[in-house]
Structure formats: C-alpha cells, structure tokens
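**Q**
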Amino acid sequence: MTLRLIGKVGLAIALPLLASTAFASGSDSFGGQSSEQAQYNTGKAVYAQKLACPSCPLAGKTLDKMLAEQLLSDPSLTAKLANDERAPLATYLRKRFKL
Amino acid sequence: MKKTLIVAIALAMPAVAAADGSPWLPIPGSAQVSIGYLQSSGDEYDAGTTRKMLSAKIEQGTFSLGLQLGLTDQFAIDTRFNYVDSKFGMASEGALSDTTIGARWRVVDEFEHNSTPTVTLRANAILNGNYDTGRADAIGDGGSGGELSVLVGKYLMPALTVNGELGYRNRNKMIPSDFWGDINVGYAVHSRVSLTAGYSMTRSQGDLDIGGPGFTPSRFPETTEDRDVIKVGASIAAMSNMSVNLNYGKVVSGRNSTLADLFGVSLAASF
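Residue numbers (the numbering used here), protein chains in the order written: chain S, 66 to 164; chain Z, 939 to 1209.
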C-alpha cells in the first residue's frame, strides 16, 4: 500500500535535488537540477520499472525511435500507468529521441 | 584579537567549487544553467579536535553560476564559477573563488541492467581563484588541482532514490589531499515538490592542526580540515524546465573547521 501511494503521488517530477543537494566533491556547493532534467530521469525509471521490467508488457523489446513514437501515440500501451507517470515518460521519450 | 584573526584564515570555509555530483547525467543535447546563492556562517570551530568559540561570526556568501552540457547519453561536461563575499569582524574580502571544470562518464546504466545501480566516473579540474591567502578573510586555500570520484545511484522506485559519491582531491601548494564521501536519499512528495536528506564527510590526509606542533600562520592551507555535514533540501518545479531549490546544511563536527550553518537557494533551468 505504501509503495503504491508513493508511486501515485510523486512521479511527475523526480527529485531534482537527488545528489545535487550534496556538497559536491566535498565542498560548500549546493547545486540543483531543472524540473525538465528531473522529469527525464523519472521517465527513464518509469519506462524501465513499469513498462520494460521482466514481467512488464514491453519486456525484451528494444527502445528505439519507432517504439517511442508508438508509446506517445497509442494510449493503450501506457494504459496501466498513472497520470503522473505518463508525463515524465513522455518527457523522456521526446528528449531522448528528439520527437 | 590577532590570534582570533589568524584562526579565521583557516576557518574561512574554503569554497572549492564543484559542479553537481549526480550519477544521472544531463539530457543528451541539452544545456542546464544554474544560478545560486549560499550563505554560510558560524561562530564555533574545532581547533584540532578542541571546540572553541570565535570572537565574531564568520560569514560567507557565495554566488555561483553553473553550466552543464549533456554531450551524449553517457558523457557530460560542466563548469562552475563562484564569487565569494567573506566577513569576519572588521575584516572582509570579495573575490572570485575556485572554479571547476569537470567531465562525467556513465559506465553502468541501471535502466539497462535492472539489478545494478547507475555508476558514473567523474574527473574535475580545480582552478584557484584570485583571492588573497595568508590573511584573515582568506576565501580559500589558493591551490589548483584535480578531483576523481565514483558516483553511484539507484532509483528504488520512480519517486524514491538513493545515491552517493566517493572521491579523492589533490591540490598543489602543499595543501593536503583529501577523501570525501556523500550519501543522499530523495523522495518526491508531490508532482512538483521533492525532498532530500543526506550526509557528507571530508577527511584530509594532512596532520597539521591550528596551534599544533610546526604550525605557523603561513601554513594555514596545510592544516587538516575534516568535516561532517548533515543536510536537507527541497525542490519546487516552478516551470516545465525550471526549478527552485532550497537547501540547509549544518557542519556537525570537524577538525580545524568552522561549525557552520549553510543556507542555499538556486534556480536551475534546462534548454
């Protein structure tokens, strides 16, 4: 239940701070990454963990430009994703394959 | 008073800048620009391992400008410039601090090998700034050099991550080399808000303490500077390509180091 709640709540933006709140390389330096960058990383995680995992619908398929276009244009392929999972996935696919 | 000012040279929290230490690289073909301000202040310090009070608070404000370029899916470069305004009692200085130029190479992608974390190698060049050393309001140690580190991260779920870094830094001018480690946990609590918490440590390879055997004021950059820092942060997506990042950190223990509070705010945008 807890895992499901986390998945529902937090996916449209993926932890822009992550490592970047670190004092990078041991110095006093707070960084930060853009929301688009965060969405891109989350989109990768959504694809890998929700669509391409061994028990997922796209297991074993190679993600290329053609498959990315299908994922963006065919809602049935992403029907099991939550709304806040589709946005980062779309950001990832569009940026990765320049769609 | 003179003794206190001398101590401040070593306690001025050297602002060796570094770009973001994330194992996850920028979007291929994109540029990310960040501007930030970090306020650090403290009135306690550890001389060697003995905790003492300063006669006045040391305050430093660091303005930073960073640029990252994602060259490919596996390779990125970055740089960061800093300007530091330092105050301690009646003494003050404002100058360009150290600049870093770095490259990251992702050698393992967790999204291609589900059972592994993402592993990225990093190399950084450090170019010393134009600040003065050997004076009370010195901004840093004044050395140039390089850093090597390994960054590891894993998306445990799309909204929950853990990552860390282990690195080694070496600079010229007799500044002791040091190792650092860093670990962070991040969690997206809302579609536009995420939180992080972490811990970082630095361990110098030197053996010279402030006021210890062999110490002279001219050797401040050679002193051993260890630090343990806890930190929390929040990030808010202000626009589709821009976020506002708020951070707080505290130096909880150290050696020849100020026990500082650190407040940071930054804007990061990608194009």
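Backbone N, C-alpha and C fix where the C-beta goes; we use that ideal spot for every residue, glycine too.
Small disclaimer: the values here were computed from a predicted structure and weren't measured.
(1) I'd like to know if T127 of chain S contacts chain Z, where contact means its C-beta is closer than 8 Å to some C-beta of that chain.
(2) Apart from the five residues just before and just after F162 of chain S, which ones in its own chain have a Cβ nearer than 6 Å to its Cβ?
(3) Is the Cβ of T61 of chain S closer than 8 Å to any Cβ of chain Z?
(4) Would the stretch 1194 to 1208 of chain Z count as touching the stretch 974 to 986 of chain Z if we require 3 or more Cβ pairs under 8 Å?
(5) A1014 of chain Z: buried (16+ other C-beta within 10 angstroms of its C-beta) or exposed?
(6) For T1010 of chain Z, which three-state DSSP category applies?
(7) Measure the alpha-carbon distance for D1120 of chain Z versus V1045 of chain Z and round it to whole angstroms.
(8) Quick check on the DSSP output: the alpha helix (DSSP H) that includes F162 of chain S runs from which residue to which?
(9) In angstroms with no decimal places, state the Cα-to-Cα distance between S1191 of chain Z and K995 of chain Z.
(10) Would you decide whether R1109 of chain Z is buried or exposed? Buried here means 16 or more other CB atoms lie within 10 Å of its CB.
(11) For L1065 of chain Z, which beta-bridge partners are listed by DSSP?
(12) Give a yes or no on whether the minimum CB-CB distance between S1053 of chain Z and chain S is below 8 Å.
(13) Within 10 angstroms of the Cβ of S1195 of chain Z, are there 16 or more other Cβ atoms? Answer buried if so, exposed if not.
(14) Is L976 of chain Z helix, strand or coil by DSSP?
(15) When the cut-off is 8 Å and only beta carbons count, does C118 of chain S lie next to chain Z?
(16) Would you check if the stretch 1085 to 1099 of chain Z and the stretch 1117 to 1135 of chain Z touch, i.e. whether three or more CB-CB distances between them fall below 8 Å?
(17) So, at 7 Å on beta carbons, what are the nonlocal neighbours of P1114 of chain Z in its own chain, with the 5 sequence-adjacent residues on each side left out?
(18) Does the Cβ of S1156 of chain Z have 16 or more other Cβ atoms within 10 Å, making it buried, or fewer, making it exposed?
(19) Could you pull out every residue in the same chain whose Cβ sits closer than 8 Å to the Cβ of F1153 of chain Z, ignoring the five residues on either side in sequence?
(20) At a CB-CB cut-off below 8 Å, which residues of chain Z make contact with Q135 of chain S?
**A** Inspection of the coordinates gives the following:
(1) no
(2) K130, A133
(3) Not covered by the structure: residue 61 of chain S. The range shown for chain S is 66 to 164.
(4) yes
(5) buried
(6) coil
(7) 19 Å
(8) 148 to 162
(9) 17 Å
(10) buried
(11) Z:T1037
(12) no
(13) buried
(14) Here L976 of chain Z sits in strand by DSSP.
(15) yes
(16) yes
(17) S1142, Q1143, G1144, E1160, T1162
(18) If you draw a 10 Å sphere on the C-beta of S1156 of chain Z, you find fewer than 16 other C-beta atoms in it, and that means exposed.
(19) L1146, D1147, T1161
(20) Within chain Z, no residue comes near Q135 of chain S; the closest Cβ sits about 19 Å away, beyond 8 Å.
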